[in-house]
Amino acid sequence: MLAFHDEGAFSSNGEKCNTKLVSVAFNDNAKDIERFFEKYGGDWPVLLDEGTNRVAINYSVMTAPETVLLHQMD
Numbered sequence: 128m129l130a131f132h133d134e135g136a137f138s139s140n141g142e143k144c145n146t147k148l149v150s151v152a153f154n155d156n157a158k159d160i161e162r163f164f165e166k167y168g169g170d171w172p173v174l175l176d177e178g179t180n181r182v183a184i185n186y187s188v189m190t191a192p193e194t195v196l197l198h199q200m201d
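In terms of the working numbering, the sequence shown opens at residue 128 and continues consecutively.
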């Protein structure tokens, strides 16, 4: 189980994980994302491919909300 904090992600036993939180935008544009962060806060990276949704499709994101955790293996 992972817990996300401003400092990064940590496992349930407190070890720092090489995991990053990113959003994958679907049917959105840069202005939509900017408004979301203004309303709800946050500053994490957003993967966006306006017009084609290619990034979302590559990660099998077809609707919102969707959560994907990517972990880089050492």
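Where is the CB? At the ideal position from N, CA and C, for every residue including glycine.
query	result
Leu175 versus Ala191 - alpha carbon distance	14 Å
Cα-Cα separation, Arg162 to Lys147	22 Å
Beta-ladder partner(s) of Val182, from DSSP	Answer is none; Val182 lacks a bridge partner.
Residue interval of the alpha helix (DSSP H) (run including Glu177)	First-last for Glu177: undefined, no H or E at that position.
As assigned by DSSP and simplified to three states, the class of Phe153	coil
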